[in-house]
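At position 341 of the sequence shown (counting the first as 1) the number is 341 in the UniProt record's numbering, and the numbers step up by one without a gap.
Positions of the beta carbon are idealized from the N, C-alpha and C atoms, including for glycine.
What you are looking at is a predicted structure, and each value in this text was computed from that prediction instead of being measured.
First up is the structure itself, then whatever we jot down about it.
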Amino acid sequence: MTSETVVYSARKIITMNPSRPSATHVAVRDGRIVATGSADELMVTGARLDPRFADKVLMPGFVEGHSHIMEGLMWKQPYVGAFDRRSPEGKVVAGVPDIEAIVARLQQAEAALPNDGSPLYAWGFDPLHIGGKMLTRQDLDKVSTKRPVLVVHASFHINNVNTLTLERAELLHATNISGVVAGADGLASGELQGIPARMRLFRALGHNPLAGTITEADVRRYAASCCVQGVTTITDLHNDLADPTIEVYRSATSQADFGVRLVPALAAVSHTPEQAIAKLETLRGHASDKLHYGIVKLVVDGSIQGFTARLRWPGYHNGAANGLWYIAPEELPRLVEAYHRAGVQLHIHTNGDEATEVALDAIEAAQTVAPRPDHRHTLQHCQMASAAQFRRMKNLGVCANLFANHLYYWGDAHYELTMGPERAARLDATGTAQRIGVPFAIHSDAPVTPLAPLFTAWCAVNRVSSSGRVLGRDTEALTTEQALAAITIGAAYTLKMDHLVGSIETGKYADFVVLDEDPLAVPPERLKEIAVWGTVVGGMIKEAPRA
Numbered sequence: 001m002t003s004e005t006v007v008y009s010a011r012k013i014i015t016m017n018p019s020r021p022s023a024t025h026v027a028v029r030d031g032r033i034v035a036t037g038s039a040d041e042l043m044v045t046g047a048r049l050d051p052r053f054a055d056k057v058l059m060p061g062f063v064e065g066h067s068h069i070m071e072g073l074m075w076k077q078p079y080v081g082a083f084d085r086r087s088p089e090g091k092v093v094a095g096v097p098d099i100e101a102i103v104a105r106l107q108q109a110e111a112a113l114p115n116d117g118s119p120l121y122a123w124g125f126d127p128l129h130i131g132g133k134m135l136t137r138q139d140l141d142k143v144s145t146k147r148p149v150l151v152v153h154a155s156f157h158i159n160n161v162n163t164l165t166l167e168r169a170e171l172l173h174a175t176n177i178s179g180v181v182a183g184a185d186g187l188a189s190g191e192l193q194g195i196p197a198r199m200r201l202f203r204a205l206g207h208n209p210l211a212g213t214i215t216e217a218d219v220r221r222y223a224a225s226c227c228v229q230g231v232t233t234i235t236d237l238h239n240d241l242a243d244p245t246i247e248v249y250r251s252a253t254s255q256a257d258f259g260v261r262l263v264p265a266l267a268a269v270s271h272t273p274e275q276a277i278a279k280l281e282t283l284r285g286h287a288s289d290k291l292h293y294g295i296v297k298l299v300v301d302g303s304i305q306g307f308t309a310r311l312r313w314p315g316y317h318n319g320a321a322n323g324l325w326y327i328a329p330e331e332l333p334r335l336v337e338a339y340h341r342a343g344v345q346l347h348i349h350t351n352g353d354e355a356t357e358v359a360l361d362a363i364e365a366a367q368t369v370a371p372r373p374d375h376r377h378t379l380q381h382c383q384m385a386s387a388a389q390f391r392r393m394k395n396l397g398v399c400a401n402l403f404a405n406h407l408y409y410w411g412d413a414h415y416e417l418t419m420g421p422e423r424a425a426r427l428d429a430t431g432t433a434q435r436i437g438v439p440f441a442i443h444s445d446a447p448v449t450p451l452a453p454l455f456t457a458w459c460a461v462n463r464v465s466s467s468g469r470v471l472g473r474d475t476e477a478l479t480t481e482q483a484l485a486a487i488t489i490g491a492a493y494t495l496k497m498d499h500l501v502g503s504i505e506t507g508k509y510a511d512f513v514v515l516d517e518d519p520l521a522v523p524p525e526r527l528k529e530i531a532v533w534g535t536v537v538g539g540m541i542k543e544a545p546r547a
């Protein structure tokens with residue numbers, strides 16, 4: 001017996017399919033797209049017309065190619081960033097403007113905790129957004145001296161902690177350890193950077209709060225954030241994938257009302273290549289239409305705004321020391337070759353251009369000894385890649401996923417402190433990638449910045465910092481249509497899912513974002529203001545919650 005065909009009408013359908021770029025109707029059956037076209041073309045015998053989107057604009061559901069399940073976890077904790085954020089429930093949570101306000105918010109959260117010494121975690125802090133003022137252990141001691149207090153930096157590469165936490169981790173006097181920043185008194189300031197210092201911190205706490213026990217409620221909260229922002233396919237781009245997490249992902253995504261396709265990436269730091277390759281082989285057998293395994297994440301360096309990324313000469317504009325290697329340059333080629341030979345797609349975090357160069361060298365060496373067509377290894381963030389590096393990417397078949405949101409949130413800091421005016425103008429060089437022909441996406445790295453693909457597209461089109469400074473618009477800006485491609489079919493390509501999602505065309509999943517306005521018709525500066533009504537995932541309709 002043939003399933004029912006439902007034909008949805010819309011004011012406009014933007015398909016991202018060059019052979020039929022727009023339509024007014026789309027036919028759906030069994031969760032997949034039968035065809036797009038006009039009513040006359042699609043209203044065949046037995047089809048049912050559904051006009052609920054007649055005044056809306058449909059696009060392919062947005063694909064977020066770099067985000068983290070922490071977007072679901074962190075909303076359980078106090079937010080202490082400088083910018084307003086929208087919660088999974090659709091509520092706007094106000095930013096905090098200075099250290100005093102951060103301490104006050106944390107004191108309020110601490111007062112609500114049981115008097116049992118359990119840790120207090122918070123997230124979103126960045127000194128560059130509050131005039132460079134650091135959050136010290138003395139500041140956090142005002143919150144509590146009886147329980148650990150840990151604040152996660154907006155980049156998620158740095159932690160700030162109180163004195164009690166430093167003492168438990170035996171780091172208060174250990175300023176000779178890499179990543180332990182000294183204060184004016186010669187003791188640890190409370191800021192812990194990079195992997196060695198933070199791993200010691202996590203051992204003292206008994207767990208890593210950024211990779212704690214993931215519950216089904218966390219996963220569903222993540223899916224709710226997706227619905228609010230029109231995302232229908234999303235990554236969790238760095239996860240140890242322990243057995244309990246795997247089971248939670250299986251259980252959540254197997255439920256009929258689960259509203260997003262989830263693509264976890266196995267964290268290479270938690271496995272040897274042999275272990276990871278064997279685990280992925282097993283996980284592929286557990287995949288479903290809403291759960292897709294197969295990629296591995298390598299993290300080569302840190303964060304430019306945290307001064308932990310690796311830069312080529314002349315280094316940081318303000319003279320700060322070069323950043324940290326999270327994977328030793330001499331070790332990276334061995335890791336890349338092992339995964340490459342096994343047919344695994346790699347997503348490689350490279351913020352600084354020195355890290356990008358080392359990653360490209362490793363991929364080139366792997367391709368030389370084991371040529372592999374269509375590997376689609378993807379450099380993630382890739383903030384400061386040069387035109388020459390993009391040409392290497394093109395020749396090696398490498399993709400890029402550029403962190404366009406950096407332009408707004410850290411463009412001023414890069415202009416004034418980290419990169420200087422000339423290099424800041426080519427920050428997240430989407431225009432260069434477009435001209436050279438490197439397959440690319442743009443992303444939010446949520447919860448580092450808000451999950452909001454239309455805002456990410458706005459950043460790539462307008463290239464405006466939070467102060468209003470324009471950065472490289474003449475050479476690096478995308479058109480609206482190019483930016484929309486980067487958050488749909490471009491992102492799907494970097495995940496090797498462009499045969500399933502990313503455009504509205506026959507055979508693909510019936511995954512749509514429902515918009516109140518046409519993004520191709522509004523002025524470019526209004527792109528981020530377009531309201532998301534909700535999503536359709538495999539034909540299942542979800543209206544976004546509104547506060």
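**Item:** Close-in-space but distant-in-sequence residues of the same chain around Q193 (CB under 6 Å, 5 per side omitted)
**Value:** I158, G179 and T308
* **Alpha carbon of E110 to alpha carbon of T215, nearest angstrom** => 23 Å
In whole angstroms, what separates the C-alpha of R137 from that of Y8?
57 Å
Touching by the beta-carbon criterion (3+ pairs, under 8 Å), the segment 52-70 and the segment 233-251 = yes
*Output the boundary residues of the beta strand (DSSP E) element that contains L150.*
V149 to H153
Review point. Is T418 near E476, with beta carbons less than 8 Å apart?
Key: no
key: Range of the contiguous alpha helix (DSSP H) that encloses G490   = I489 to T494
Margin query: If I measure Cβ to Cβ from A338 and keep anything under 8 Å in the same chain, skipping five residues before and after, which residues do I get?
Written below: P273, E274 and I277
**Item:** 3-residue-minimum beta strand (DSSP E) runs that sit fully inside the segment 138-211, ordered along the chain
**Value:** 149-153, 158-161, 180-182 and 188-193
Given that a residue counts as buried once 16 or more other Cβ atoms are within 10 Å of its Cβ, and exposed if not, what is P519? buried
Between the beta-carbon of R11 and the beta-carbon of A54, is there less than 8 Å? yes
Expected contact under 8 Å - CB spacing of M384 and L311 to nearest Å = 7 Å
Check: Measuring CA to CA, which of S155, T45, D50 and L58 is closest to I14?
Finding: L58
Discussion item. For F455, which residues in the same chain have their Cβ closer than 6 Å to its Cβ, ignoring the five residues on either side in sequence?
Written reply: K528
Can you tell me whether L471 is buried or exposed, with buried defined as 16 or more other CB within 10 angstroms of its CB?
-> buried
- prompt: Roughly how many whole angstroms lie between the Cα atoms of L121 and P18?
  reply: The residue asked about is misnamed: residue 121 is Tyr in this sequence, not Leu. Whole-angstrom Cα-Cα distance: 47 Å.
Self-check item: At least 3 beta-carbon pairs within less than 8 Å: the segment 31-42 vs the segment 402-415
Solution: no
Legend entry - Bridge partner(s) assigned by DSSP for V536: F512 and I541
To the nearest angstrom, how far is it from the Cα of V400 to the Cα of R372? Checking the displayed sequence, the identity of residue 400 turns out to be Ala instead of Val. In a straight line, the C-alpha of A400 is about 18 Å away from that of R372.
Thinking C-alpha only, which one of R334, V358, F390 and A355 is nearest A370?
-> R334
### Task
Using DSSP bridges, identify the partner residues of P264.
D236
Where does the unbroken beta strand (DSSP E) through V103 begin, and where does it stop? Element bounds for V103: not the beta strand (DSSP E) but the alpha helix (DSSP H), I99 to A111.
Next on the checklist: My assumption, with CB atoms under 8 Å, is that R220 sits in contact with A252. Please give the rounded CB distance.
Outcome noted: 6 Å
* So what's H375 in DSSP terms, helix, strand or just coil? -> coil
Next on the checklist: Output needed for I102: all residues of its chain with C-beta closer than 7 Å, excluding positions within five of it in sequence on either side, in chain order.
Outcome noted: V80, V96, F125 and L135
Handout entry: Alpha carbon of L187 to alpha carbon of L166, nearest angstrom
Key = 10 Å
*Report back the beta-carbon spacing between V438 and M393 to the nearest angstrom; my notes put them in contact at under 8 Å.*
5 Å
query = Since G302 and L324 are thought to touch, with beta carbons under 8 Å apart, how far apart are those beta carbons, to the nearest angstrom?
reply = 5 Å
> With 16 other CB atoms within 10 Å as the buried threshold, where does M1 fall?
Replying inline: Low local confidence applies: a pLDDT of 45 at M1 is under 50, so the model's placement there is unreliable, with the coordinate-based value given in what follows. Exposed, because fewer than 16 other Cβ atoms sit within 10 Å of the Cβ of M1.
- Collapsed DSSP secondary structure at V228 in the structure displayed: helix
message = Relative to the C-alpha of N160, which candidate in A23, R105, E364 and E191 has its C-alpha closest?
response = E191
Closer than 8 Å by C-beta to A39: which residues in its own chain qualify, once you throw out the five before and the five after it? Chain order, please. V7, S9, T24, H25 and L49
Should N115 go down as buried or exposed, given a rule of 16 or more other Cβ atoms within 10 Å for buried? exposed
Considering only their Cβ atoms, is the gap separating F258 from A223 smaller than 8 Å? yes
(message) For I487 and F403, I'd like the C-alpha separation in whole angstroms.
(response) 12 Å
- Message: Are the CB atoms of L280 and V344 within a distance shorter than 8 Å?
- Response: yes
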